[in-house]
Amino acid sequence: MINLLKEVARGKRGARDLTYDEALEAADSILTLKATPAQIGAFFIAERIKMESVEELEAFVQIVRKYAERSPIQEGLDCAGPYDGRKSSFYATFPAAFLLAAAGVPVTLHGAASLPPKWGIGLHDVIRATGINPDELNAEKAALAAREAGVVYIPTEQWCPPLGKLRQIREELGMRTILNSAEKLIDFTHSPYLAFGVYHNTVFDRLSRLIIKLGYRKALIVQGAEGSEDLFIDRPTRAYVVENGEFHLRIYDPETLGLDTPVPEKEWTPAEQVAVAEAVLRGEADMAFANQVLLNAAARLELAEQVGSLEEGLYTCKALIDNGAALAVYNSWMDALLGAPRPA
1 MINLLKEVAR GKRGARDLTY DEALEAADSI LTLKATPAQI GAFFIAERIK
51 MESVEELEAF VQIVRKYAER SPIQEGLDCA GPYDGRKSSF YATFPAAFLL
101 AAAGVPVTLH GAASLPPKWG IGLHDVIRAT GINPDELNAE KAALAAREAG
151 VVYIPTEQWC PPLGKLRQIR EELGMRTILN SAEKLIDFTH SPYLAFGVYH
201 NTVFDRLSRL IIKLGYRKAL IVQGAEGSED LFIDRPTRAY VVENGEFHLR
251 IYDPETLGLD TPVPEKEWTP AEQVAVAEAV LRGEADMAFA NQVLLNAAAR
301 LELAEQVGSL EEGLYTCKAL IDNGAALAVY NSWMDALLGA PRPA
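The opening position of the sequence shown corresponds to residue 1 in full-length UniProt numbering, with each subsequent residue numbered one higher.
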């Protein structure tokens, strides 16, 4: 590990990218804790300064996948948002998952207790606020949720224990590391489609080339709300579509679809996230949040090749809200994971 560390930590002019095989060795040393905490921290900081190459990212993804529990319990869309959570935006990806499942596209969500650098409300917190203990969602419960509702939530550190063992180091560093990208690409259920959130448009090219290497059938890389995979509803969103070994820019502009809506300011808590999500599924939410869920669900239906256009996706999703199908999927999911029907 020391020799590999020397290569990435020689300073701005002297540092070099590791080869794929070298990065595999470094990743394995880190995930198995053969490297010391000091070496791991130094490597993460050096990579942060140098910026990870596509080969280094690919190697870390392959190693976290190696030590994770992965099973094709459902093959649909993987939604990969940042594990450091949110502070000021709505988790549209959560209710959108049930819309997609109602339309026949299984969805895999995943996350962990909040991490740096943002330390926001995580999807893990939102799941807990529904009354479900996310830390207890093992493979058996995931298979049950997939069978009953087509929506699975994976607690990443339970399904990939080495990441849990690295949490203290990441918390002490307080900054983004290469794991912030790698953990989002574990692909627990072997999904052919991917919606992936990023903070900065400078990473579009590198991540597109990485996703091609990882073999997804089709992916959407979104510069979304707080670095998430959620398209904005009050302004255009930049995204890259990755398909057939190629990638190109796509702008999603809600104004052209008649959906552009000012977003009200809210003091978000996990409970408030759940309350708004449930209101969307009942057809009773503020227009901004309802429209944001419709737009995101429609874009993902198009991504998963279930509809021929964004407009068709919007029409499909609106019908699934109006006829109660999306809410029924959500209730089935809750019943399956809570072990008893919810009160009427």
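Glycine included, every Cβ here is placed at the ideal spot set by N, Cα and C.
Report all residues from its chain with a CB closer than 7 Å to the CB of residue i; omit the five preceding and five following residues, and keep chain order.
i      : result
Gln306 : Ala103, Gly104 and Val105
Ala225 : Ser89 and Phe232
Tyr330 : Phe98 and Leu281
Gly283 : Ile321 and Asp322
Leu4   : Leu18, Glu22, Glu25 and Ala26
Gly227 : Pro82, Gly197, Val198 and Tyr199
Ala42  : Leu5 and Ala9
Ser53  : Asp17
Val276 : Phe90, Ala285 and Phe289
Ala113 : Gly122 and His124
Glu302 : Ser309, Leu310 and Gly313
Ala139 : Glu69 and Ser71
Where DSSP assigns a beta bridge to residue i, which residues make up the other side?
i      : result
His190 : His190 pairs with nothing; no bridge assigned.
His110 : Ile154
Phe247 : Val242
Asp78  : Thr108 and Leu194
Tyr91  : In the DSSP output, where bridge partners are listed per residue, Tyr91 has none listed.
Ile121 : Arg86
Tyr252 : Thr237
Measuring alpha carbon to alpha carbon, tell me which residue in the options is nearest residue i.
i           : options                           : result
residue 345 : Ile186, Ile221, Phe188 and Pro192 : Residue 345 lies beyond the range of the chain shown here (1 to 344); nothing can be said about it.
Ile30       : Ser181, Phe44, Asp21 and Thr19    : Phe44
Lys12       : Tyr20, Ile2 and Met51             : Met51
Leu185      : Lys213, Leu144 and Glu171         : Lys213
Glu267      : Gly313, Glu47, Gln39 and Arg86    : Arg86
Pro264      : Ala285, Arg170, Gln168 and Asn3   : Ala285
Ala328      : Phe188, Ala101, Ala42 and Tyr67   : Ala101
Ile251      : Ala275, Pro270 and Asn201         : Asn201
Ser208      : Tyr240, Leu179 and Lys318         : Tyr240
Val126      : His110, Lys118 and Leu257         : His110
Arg217      : Ile121, Lys66, His124 and Gly245  : Gly245
Thr32       : Phe60, Glu55, Ala46 and Ser53     : Phe60
Thr269      : Ile2, Glu172, Gly120 and Ala304   : Gly120
Ala304      : Gly258, Gly324, Asp28 and Ala195  : Ala195
Arg206      : Glu172, Gly339 and Leu57          : Leu57
Lys118      : Gln223, Ala68, Gly174 and Asp78   : Gly174
Leu166      : Glu302, Gly308 and Ala35          : Ala35
Thr256      : Gly215, Pro236 and Glu302         : Pro236
Ala38       : Gln168, Ala96, Pro161 and Glu302  : Gln168
Glu272      : Ala68, Leu123 and Arg65           : Leu123
Gly324      : Ala279, Ile63, Ala68 and Gly308   : Ala279
Trp159      : Ser181, Gly339, Val64 and Met1    : Val64
Ser181      : Pro155, Gln62, Glu172 and Ile154  : Gln62
Asp78       : Glu183, Leu179, Ala139 and Glu172 : Glu183
Quick test of your reading: residue i and residue j, contact by CB under 8 Å. State the CB separation rounded to the nearest angstrom.
i      : j      : result
Phe289 : Phe94  : Their Cβ separation, rounded to whole angstroms, is 11 Å, which puts Phe289 and Phe94 out of contact at 8 Å.
Leu115 : Asp84  : 5 Å
Thr189 : Thr108 : 5 Å
Ala219 : Val203 : About 14 Å; that fails the 8 Å criterion.
Gly76  : Ser191 : 6 Å
Val152 : Ile211 : Their Cβ separation, rounded to whole angstroms, is 21 Å, which puts Val152 and Ile211 out of contact at 8 Å.
Arg238 : Ala96  : No, Arg238 and Ala96 are not in contact; Cβ-Cβ is about 19 Å, not under 8 Å.
Pro162 : Tyr67  : 5 Å
I'd like the list of long-range same chain contacts for residue i, defined as Cβ closer than 6 Å, with 5 residues on each side in sequence excluded.
i      : result
Ala92  : Asp230, Gln292, Val293 and Asn296
Ala326 : Phe98, Leu99, Ala102, Leu281 and Leu320
Gly164 : Glu157
Ala298 : Leu310, Gly313, Leu314 and Cys317
Arg70  : Phe188
Thr130 : Val274
Met1   : Ser29, Ala35 and Gln39
Glu172 : none
Gln223 : Val198, Asn201 and Arg238
Going by beta carbon distance, what residues of the same chain come within less than 8 Å of residue i, once the five residues before and after it are set aside?
i      : result
Leu337 : Ile132, Leu137, Lys141, Leu144 and Ala145
Glu7   : Ala15, Arg16, Leu18 and Glu22
Ser332 : Glu148 and Ala149
Asp234 : Pro254, Asp260, Thr261, Pro262, Val263 and Ala288
Thr177 : Phe44, Glu47, Arg48 and Arg170
Glu55  : Asp17, Leu18, Thr19, Tyr20 and Ala23
His248 : Tyr240 and Val241
Arg128 : Pro134 and Pro270
Say whether chain B places a C-beta atom closer than 8 Å to the C-beta of residue i.
i      : result
Asn133 : Any reference to chain B falls outside this structure, which holds one protein chain only.
Consider the C-beta atom of residue i and the heavy atoms of the ligand FMN; say whether any pair is separated by less than 7 Å.
i      : result
Leu303 : Among the ligands in the structure shown, none appear at all, so the ligand FMN cannot be discussed.
Problem - Runs of alpha helix (DSSP H) lying entirely within the UniProt domain "Glycosyl transferase family 3 N-terminal" (4-67), each at least 4 residues, in chain order - result: 20-31, 37-50 and 54-66
Practice task
Note down, one range per segment and in chain order, each alpha helix (DSSP H) of at least 4 residues found wholly within the segment 174-236.
Solution key: 179-182 and 204-214
Handout entry: alpha helix (DSSP H) segments (min. 4 residues) lying fully within the segment 289-317
Key = none
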